[in-house]
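Chains A and B, in that order, are what the protein sequence lines are. Using this note's numbering, read the first sequence as starting at 1 and increasing by one per residue. Using this note's numbering, read the second sequence as starting at 1001 and increasing by one per residue.
Number of protein chains: 2
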Amino acid sequence: MSLDRANVLLERVDGVIHFGIPSVVEGAQAAGVEVTTVDFQPPAGGDLERIALLEVVREADLAAAIAAANREALGRFLASEPHLVGVGVAGEVIPGMADDLFLHAGPPVTWERASGPLRGAVIGGLLLEGRAGSAAEAEDLAARGGVRLEPCHAHHAVGPMAGLVTPSMPVWILEDRGPRSGERFFCTLNEGLGKVLRYGAFGPEVLERLRFMAEILGPALAEALAEHGPIDLKHLMAQALHMGDEGHNRNRAGTSLLLRELAPALVRVERSRDQVSRVLAFIHANDHFFLNLSMPMAKCMLAAAEGVPLASMLTVMARNGTDFGIQLAAMPGRWFTGPAQAVRGLYFPGFGEADANPDIGDSAIMETAGLGGFAMAAAPAIVQFVGGSVADAEATTREMGRITCGSNPAWTIPNLDFLAAPAGIDLLAVEEKNLLPAINTGIAHRQPGVGQVGAGLVTPPWECFHSALAAFVRHCDKESP
Amino acid sequence: MSLDRANVLLERVDGVIHFGIPSVVEGAQAAGVEVTTVDFQPPAGGDLERIALLEVVREADLAAAIAAANREALGRFLASEPHLVGVGVAGEVIPGMADDLFLHAGPPVTWERASGPLRGAVIGGLLLEGRAGSAAEAEDLAARGGVRLEPCHAHHAVGPMAGLVTPSMPVWILEDRGPRSGERFFCTLNEGLGKVLRYGAFGPEVLERLRFMAEILGPALAEALAEHGPIDLKHLMAQALHMGDEGHNRNRAGTSLLLRELAPALVRVERSRDQVSRVLAFIHANDHFFLNLSMPMAKCMLAAAEGVPLASMLTVMARNGTDFGIQLAAMPGRWFTGPAQAVRGLYFPGFGEADANPDIGDSAIMETAGLGGFAMAAAPAIVQFVGGSVADAEATTREMGRITCGSNPAWTIPNLDFLAAPAGIDLLAVEEKNLLPAINTGIAHRQPGVGQVGAGLVTPPWECFHSALAAFVRHCDKESP
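Structural data, given as C-alpha cells:
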C-alpha cells in the first residue's frame, strides 16, 4: 500500500499488527504498545528471488497448464500397478548392468567425493565380487577408477542407505501391470540391521550373509515366486498401512504379510528343509525385509509419472551420503542437488551425533510416493522411537498434505478416519509454502566398515529445490503453450 | 434437602436446574422457563434396590477390603504369563474330558434349551466322532441324552461361538509360567469363517476340514512347537495391539506374527512338502487363526485371579447362545446368568436380523481381559466394519476404563498415546455407573447347519450383573473382616 494510505490507517488504530521478526514485537511491547500477533508466513519465506520465479509460474494460463500437467502426472502415478514378479541376478536382469559397474543410492558421485558408508559398501562389493583380496586392495582399486559408479535411479533400480548393487547380487524384479507400461524395476534383498553392507560394513559376517543371500535366499525366493505367481504390492502396502507401518522406518506388518503370502509356496520348492527353514528364519528375523520391496514399488509408480511436460511433481528424492538430489516429472533424469543434511535422531548405545554420516540412501523414494514421513500418522508405534507424540505424527501427515499434488485413495490412514495418504510432492508448493518434505531414515556411521548407529528424521537441503525451481521456470518458458 | 430449604433456594433462582426425564424439561421450556440441562447419571441408574446393595459394599471398612481384594486379583491377572507349549488331543489332555462328553461355550445348558448353532455343532460333533451316521440320527441321540454337555470353562478351556470341543479334536495347550501356577489351559484350533462347526454348520466340507485339522494341522503344529519351544503369548498380543488388532474381531496381526514365528520350525518337521504347505496355506487363509490362542491366553490370565475373597472383579463372561453368564474372582465356578442378547451388526449379503441367533461364545473372555471392545481404539481399521468412526472407537476404550479395576501396562494402545489398556472389569463399577461392557462379536445363524451370517457389537444382559451383585453382597456379609 502507499505510504499515505498506510498513515491514514495507522491514525485509526491504537495497536500494532506486525508481520515480521519477533524482536520488533518485543520492542513495541516493552514500550507499552498493544501488539496483536498473527500466524503469517510470507510466500517462499519472503525470498524475493524465489517470489519472482513463483510469480512467473503463477501467471494464469501457465498455472492452469501446470495444474493440468500435475493432474496427469499424479494420475499416471496412481494408475501404476507394481507387481512382484520374480528374483534375478543383478548382472543378468538390470538394464545396462556390467561387470565393472556398481550401482549406488542417490545422485551421481565419484569415489573421491563418496561418503564413508558408500566407500565401505564399495569395498565390500569388491571383496564380494572377488575383485580384491583385502579392504586395502579394494580401496586402492576404487581410488584408481577400477570400478564405475552409477546411480541406481539411472537403471530402474533403488537401494536403501549406500544402495550398493553389484553384478552378482540377487534382486527383486517388479513389473508395472498398470495401463501404461510393462516396465521392470529392481532392488536388492534386505540384509537386516546393524553390521550390513548398505550401512558401510564389510567384515566377514557381512560377506558371508551376502553369499547366503545370493546362493540360497535369492534362488529360493525366485522359485517360490514362480510357484506363487505375481504379488500386487500396492494392495499389500495398503494392508500394512492399516497395521501400523508407515513403510520406511516401520515395515513389520509388510514383512509379516509378505512372509505369510510366500511361505506356502516356499515350502513347495525343491530345496532341503534346512534351506527353506533358514530362508523363513532370515525373513522373520528382519522386520525391514519388506522395505526393499516397497522401495521399488514406489519407484515403479513414480517412474510412471516421468516425462509429463510442465509437471512440477517430484519423481525422485535420493541421497548418496554426500549430496541430496531430486528429479521432476517434467525433466526425467535431471538431478538437482544440495548437501546431504544431518539426521536428527536416536542413537544405538555407544554412538552419538559425531559418529553420524549425513543423510544417505534411495529410501526417500518412500516419502516421494507419499509414505514414510508423509504417512507418519499410520504408525503411532514408531513416534516414540523418533521422540514424538501421536499428535506430532498426525500433524506431520496433515502438514505434508499441504505440499502434495493430491492424495492416494488406495492408501488410507485409519487413525485419521481413513484419510487418503498425501501423494505427489509439488515443487511449487514446497517453495511457495516454504515447507520441506519430512523424511524418516536410518543413520549410518561416517566411517567405512562400521554400520548402522541410529535412526531419525531429516529434511532435504533447500538448494536442490531452489535450483529445480529456476530450471523449472526455464522449462516452462520453453514448453508452455 | 428439606422442602423449606428447597423453597428458599428456588426463590433466589430465575431458571430451573432439572435432574430427570427430558419431557419435564420440554414442558418447562414450552412454558417459557429458562432451563439448564446437566449431564448427570444417578448411581445404579436410580434403581433403589441396587443403590441399597451398593451402599452396603461402599461402607468404609468393607469398601477398603474390596479394593484391596481387587488389587490382589488384578495383580495376579497381570502377573500371569501364558505360554503356548503344545498341541494335543482334547480327550487326552483336557482334565475331566470323557468319551461321552462334549464341551460348549458359555454357562451350562441342556440340549432342550440349546440354541440352533450349538445344536448344529453338537450334531456335527457326533458325526465327526462317528457316533451318528446322519444329522437326524445325531439329533435323536442328543435328544435322548446320548451326549453329556458341560461348559468349556469348567475344564480350563474356552471355545469361540458354539465352542464345541469333542474328544478327538486337536487343542492348543497353554501353560501359565507366571509366579503362581503351572496350570494348563486349552482351546480348539480356529476353522476359518463361514460354514464352520463353531457357527453351527455340519455339512461334509465342515467335517472334512475338521478331519484335516485333526490329522494334519494339529500334529504338524504340535511337532513345530516341540521344535520351536514355548511362545510368550502376552508379548505377541502386545505387538498385535500395535498393529491394529483389538484381539476379538480383528486378529490379522496376531495371525501374521504367529505364522512367521512358527514357519521356520514347521518346515523342519518330518512331513511332506505338501502337508506343510497346506498347513501354512490354511493359517494364511484365516485371519482369525490367532483368536483361538488369544482366548485361552485371556482365560489363563483371568483364572489366575480366581479365588480371591471379596474381589468383585469379573473372571468370566461367556454365552451359550441362550444364556449369558458371568463369574466373579471371589466366587470361582459360580455362574450368574441372563438371556443372551441380540447383536447389533452388519450382515453378510442375503442375511438379516431375522436370521441371527442371540449372542454366543466364550470369546467375550477377550473383553473380560481388557481386549476386544475394551481395546477398540487399537483397531481403527475395524470400526468402519461395525459401523462406527475412529472417535467412537477411542471413546469406547475410554468409557470401558470407567468400569475396570485398573489397566494393563503390558498392553498399550498407540492411538491413545500408548494408554495402558483397561483391565479387570469391576462388577461394582458396572452397577454403580450403570454401564455395561462393550463386546465385539460374530453373528451365527439361528438354525443349525447354516454358519456365520455377520459380525457386530453386543452388551451382556443386566440380569447377570444384578444377581451377581446380590450374591456378592451376601458373600461380603460372610467373608468381611
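We put the beta carbon where it would ideally sit given N, CA and C, even for glycine.
Contact with chain E by residue i, beta-carbon distance below 8 Å
i, result
"B/Ser-1134", "In the structure shown, chain E cannot be found, because the protein chains are A and B."
Beta carbon proximity, residue i to chain B, threshold 8 Å
i, result
"A/Asp-417", "yes"
"A/Met-243", "yes"
"A/Gln-452", "no"
"A/Gln-341", "no"
"A/Pro-422", "no"
"A/Ser-256", "yes"
"A/His-284", "yes"
"A/Arg-198", "no"
"A/Leu-113", "According to the sequence shown, residue 113 of chain A is Arg rather than Leu. Answer no: the Cβ-Cβ gap between A/Arg-113 and chain B never drops below 8 Å."
"A/Gly-107", "It is Pro, not Gly, that sits at residue 107 of chain A in the sequence shown. With 8 Å as the cut-off, A/Pro-107 does not count as an interface residue toward chain B."
Rounded C-alpha distance that separates residue i from residue j
i, j, result
"A/Asn-190", "A/Arg-198", "9 Å"
"B/Ala-1393", "B/Pro-1380", "7 Å"
"A/Asp-477", "A/Glu-59", "12 Å"
"B/Ile-1051", "B/Pro-1043", "7 Å"
"B/Gly-1159", "B/Asn-1440", "15 Å"
"A/Pro-349", "B/Pro-1107", "53 Å"
"A/Gly-125", "A/Thr-166", "6 Å"
"A/Trp-411", "A/Glu-175", "20 Å"
"A/Leu-207", "A/Ala-69", "46 Å"
"A/Gln-275", "B/Val-1171", "30 Å"
"A/Ala-67", "A/Phe-465", "18 Å"
"B/Tyr-1347", "B/Asn-1249", "14 Å"
"A/Val-267", "A/Ala-224", "8 Å"
"A/Ile-231", "A/Ile-173", "11 Å"
"B/Glu-1463", "B/Leu-1328", "15 Å"
"A/Ile-94", "A/Ala-135", "27 Å"
"B/Ala-1098", "B/Gly-1345", "37 Å"
"A/Ala-226", "A/Gly-163", "26 Å"
"A/Arg-474", "A/Phe-336", "14 Å"
"B/Arg-1071", "B/Gly-1406", "8 Å"
"B/Leu-1127", "B/Gly-1307", "38 Å"
"B/Val-1383", "A/Arg-177", "32 Å"
Below-8 Å beta-carbon distance, residue i vs any chain A residue
i, result
"B/Arg-992", "Missing from the structure shown is residue 992 of chain B; chain B here goes from 1001 to 1481 and no further."
"B/Leu-1054", "no"
"B/Glu-1261", "yes"
"B/Ser-1294", "no"
"B/Leu-1280", "yes"
"B/Ala-1381", "yes"
"B/Arg-1344", "no"
"B/Gln-1384", "yes"
"B/His-1209", "What sits at residue 1209 of chain B in the sequence shown is Arg, not His. Closer than 8 Å: no."
8 Å Cβ cutoff met for residue i and residue j
i, j, result
"A/Leu-233", "A/His-83", "yes"
"A/Phe-472", "A/Pro-296", "no"
"B/Gly-1075", "B/Phe-1202", "no"
"B/Met-1400", "B/Pro-1422", "yes"
"A/Ile-326", "A/Pro-460", "yes"
"A/Gly-424", "A/Ala-73", "yes"
"A/Ala-298", "A/Arg-319", "no"
"B/Pro-1432", "B/Leu-1054", "Before going further, note that residue 1432 of chain B is Glu rather than Pro in the sequence given. Closer than 8 Å, so yes."
"A/Ala-438", "A/Gly-373", "yes"
"B/Thr-1397", "B/Ala-1377", "yes"
Check: residue i C-beta below 7 Å from any heavy atom of the ligand NAD
i, result
"A/Leu-127", "Summarising the ligand content, the structure contains no ligands, and the ligand NAD is consequently not present."
Any contact of the stretch 206-224 of chain A with the stretch 129-147 of chain A, i.e. 3+ C-beta pairs under 8 Å? Under the Cβ criterion (8 Å, minimum of three pairs), the stretch 206-224 of chain A does not count as touching the stretch 129-147 of chain A.
Do the stretch 1257-1273 of chain B and the stretch 1302-1313 of chain B touch if we need at least three Cβ pairs shorter than 8 Å? Below 8 Å, too few C-beta pairs join the stretch 1257-1273 of chain B and the stretch 1302-1313 of chain B to call them touching: fewer than three.
If we require 3 or more residues per run, which beta strand (DSSP E) segments fall completely within the stretch 99-132 of chain A? Under the rule that a run must span 3 or more residues, the beta strand (DSSP E) segments found entirely inside the stretch 99-132 of chain A read 101-104.
Let me know the alpha helix (DSSP H) ranges lying completely inside the stretch 1264-1316 of chain B, each 4 residues or longer, listed in chain order. The stretch 1264-1316 of chain B contains these whole alpha helix (DSSP H) runs: 1273-1284, 1291-1303.
Check whether the stretch 346-364 of chain A touches the stretch 435-455 of chain A, counting contact only when three or more Cβ pairs, one atom from each stretch, lie closer than 8 Å. Counting C-beta pairs with one atom in each stretch, the stretch 346-364 of chain A and the stretch 435-455 of chain A have three or more that are closer than 8 Å, which means they touch.
With three or more beta-carbon pairs closer than 8 Å as the criterion, would you say the stretch 1240-1254 of chain B touches the stretch 234-250 of chain A? Yes, the stretch 1240-1254 of chain B is in contact with the stretch 234-250 of chain A.
I want to know whether the stretch 1308-1316 of chain B touches the stretch 1097-1104 of chain B - three or more CB-CB distances under 8 Å. They do not touch, by the three-pair rule.
In the stretch 1349-1420 of chain B, which residue ranges form an unbroken alpha helix (DSSP H) of at least 4 residues, counting only runs that do not cross its ends? Taking only runs of at least 4 residues, the alpha helix (DSSP H) segments lying wholly in the stretch 1349-1420 of chain B are 1365-1368, 1380-1383, 1390-1400.
Any 3 or more C-beta pairs closer than 8 Å across the stretch 279-291 of chain A and the stretch 326-337 of chain A: In this structure the stretch 279-291 of chain A does not lie against the stretch 326-337 of chain A, because fewer than three pairs of beta carbons, one per stretch, are closer than 8 Å.
Note down, one range per segment and in chain order, each alpha helix (DSSP H) of at least 4 residues found wholly within the stretch 1172-1234 of chain B. List check, alpha helix (DSSP H) in window: 1204-1212, 1218-1228.
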